[in-house]
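K.L.:
In our numbering, the protein residues as written are 1057 to 1397.
From the three backbone atoms N, C-alpha and C, an ideal C-beta is built for every residue, glycine too.
Note that the coordinates shown come from a computational prediction; the quantities given were computed from them, not determined experimentally.
1) Would you grab the beta carbon distance between residue 1143 and residue 1087 for me? Rounded to a whole angstrom, and I think it's under 8 Å.
2) Could you check if residue 1312 is buried or exposed, using at least 16 other CB atoms within 10 Å of its CB as the buried criterion?
3) Count Cβ pairs between the segment 1109-1128 and the segment 1140-1158 that sit closer than 8 Å; are there 3 or more?
4) Which full runs of the beta strand (DSSP E) of 3+ residues lie inside the segment 1318-1359, going along the chain?
5) In the DSSP assignment, find the unbroken alpha helix (DSSP H) run with residue 1236 in it and report its ends.
6) Output the distance between the C-alpha atoms of residue 1285 and residue 1307, rounded to the nearest integer angstrom.
7) Using the C-alpha atoms, what's the distance from residue 1079 back to residue 1070?
8) Are the CB atoms of residue 1140 and residue 1100 within a distance shorter than 8 Å?
9) On the three-state DSSP scale, how would you describe residue 1296?
10) With the cut-off set at 8 Å, would you say residue 1253 and residue 1244 are in Cβ contact?
11) Between the C-alpha atoms of residue 1133 and residue 1116, what's the straight-line distance to the nearest angstrom?
12) Residues in its own chain within less than 8 Å of residue 1365 by CB, not counting five upstream and five downstream?
13) How would you label residue 1394, buried or exposed, when you count the other beta carbons within 10 angstroms and need 16 or more for buried?
14) Inspect the beta-carbon positions of residue 1214 and residue 1196 and report whether they are closer than 8 Å.
15) For a test of the three-state rule: what should DSSP assign to residue 1257, helix, strand or coil?
16) Do you know how far the Cα of residue 1084 is from the Cα of residue 1180?
17) Does residue 1067 come out as helix, strand or coil in the three-state DSSP assignment?
18) Going by DSSP in three states, residue 1091 sits in which element: helix, strand or coil?
Below is the structure:
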C-alpha cells in the first residue's frame, strides 16, 4: 500500500507506517522460519483488519479522494488480511469465530477480492465446516458478487458444496436464481443436472423440487414448443412430479384458443400418477370440466377418484365435491333467463 496515501488522508503517520512495515517483515520472517505462533498471527490479523476499517471510514468521509488510488489501498489491505488468514489455516486450526469474522470481511469488501482469494476460504470451509449450509450459501454469493465473475471457479465451489452437504437444495436455488441473470448460458446446464442428475450425483428431492422451476424457466425464455418438448422429457423421470403437471397445465391454458383435450389429457395423467394421496388434483380436474369443459364428465371423474384414492380420504373428497356442486348451483341460480313474448 502506498505510504503517500496513508499520510495524505491522515490515516497513519510516517513513524506509524514504518512500525507497521517492521511488524509485517517480522511476521513474514517468522512464517518463513516456521516459528510463528497462532497468537501472533491473530494479533496481526486484528491490526490489519482495524487498518482496513479505518481506511474505509476515511475514504467514505472524504468525497474528493482519488478512487483508483483508494481502491488500490483497500485491495492491498484485503490481500494482507487474506494472506494472514491463509497462514493461520495452513499452520493452525481456524476457529468458528475467526471464520465468521473473515466471511464478514469478505462480504463487506467483495469488490476488492478475486476468485483465487475466495478459493482459500473454500478450502477452510471444506476442512472445518463442510456441512454448514449457511456458510456454503454465503460463499457462493461471494463468488457471484465478484467484480470479475469467474464461472469456472464459481462452479467448482458449487460442486464442492453440493458434494459436502446432505441437503444442497438451498444451494441449488441460490445459484440458479442468480445465474439466470448473470450467466444465462449455463442455466440450462444447471437445471439439467439438478433434475436428471449426473454420473456422480442425483438427489430425488432436489429433482422433484427443480423440475417445475425448469419448466417455468423454459417457457419464460423460449417458447411453447420448447416447453412441451421439455415437459415430455421431465415427465418420464421417476417418481412423477405433481407440480410439473400443474405448471404444464397452466402453460397450456395460457395459450390463446387452447385445446380442451390437451389440458384434459394432462389432468388424466396427473390424477393417475399422483392422485392416490392427493385430493387437490381431482378437485382441480373436476372444476376445470365444470367451468370450461364438459360437466357430464364430473361424476365419472369423481367415481375414478374414489377407486384411486386412499380410503381415509373418501370423506374429504365427498365434502369437496359437495362444495363444488354448491358452486355450480350458485352460478346457475344467478343466470337470468329472458323469455320473449
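P.N.:
Result, derived from the coordinates:
1) Rounded, the Cβ-Cβ distance is 6 Å, consistent with contact.
2) It is exposed - the Cβ of residue 1312 has fewer than 16 other Cβ atoms within 10 Å.
3) The segment 1109-1128, when compared against the segment 1140-1158, does not touch it at the 8 Å Cβ threshold.
4) Correct list: empty.
5) Its alpha helix (DSSP H) spans residues 1225-1238.
6) Those two C-alpha atoms are separated by around 13 Å.
7) Residue 1079 has its alpha-carbon roughly 14 Å from the corresponding atom of residue 1070.
8) In this structure, residue 1100 lies near residue 1140, with their beta-carbon atoms less than 8 Å apart.
9) In the structure shown, residue 1296 adopts coil according to DSSP, grouped into three states.
10) No. Outside cutoff.
11) If I take the Cα positions, the gap works out to 16 Å.
12) Excluding residues within five positions, the ones whose Cβ falls inside 8 Å are 1331, 1332, 1333, 1335, 1338 and 1373.
13) Only weak support is given to the placement of residue 1394: the predicted model assigns it a pLDDT of 49, under 50, and the question is left unresolved by the model.
14) Judged by their CB atoms, residue 1214 and residue 1196 are nearer to each other than the 8 Å cut-off.
15) Coil at residue 1257, not helix or strand.
16) Each residue's Cα considered, the two are about 21 Å apart.
17) Three-state result, residue 1067: coil.
18) Coil.
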